[in-house]
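Next up, the structure:
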């Protein structure tokens, strides 16, 4: 009965428990959240992983 209150993001399996900033990956289109290692360069981060970066980057 509590399932009626789920949002689209909850239904898709994406959770953001600490309300961190999010972006959409330019490669796969999935949402990803801020990470400590991206702290200084968050504005320039476009891909969720190195795998996406190498698979979807244009030559």
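Residue numbers (the working numbering): 22 to 80.
Note that the Cβ used here is the ideal one computed from N, Cα and C, for glycine as well.
Every value quoted in this text rests on a predicted model; they were computed, and no experiment measured them.
Between the alpha carbons of residue 65 and residue 72 lies a distance of about 17 Å.
Rounded to whole angstroms, the separation of the alpha carbons of residue 55 and residue 61 is 11 Å. For residue 44, the enclosing beta strand (DSSP E) stretches over residues 43-45. According to the DSSP assignment, residue 74 belongs to the alpha helix (DSSP H) that extends over 71-77.
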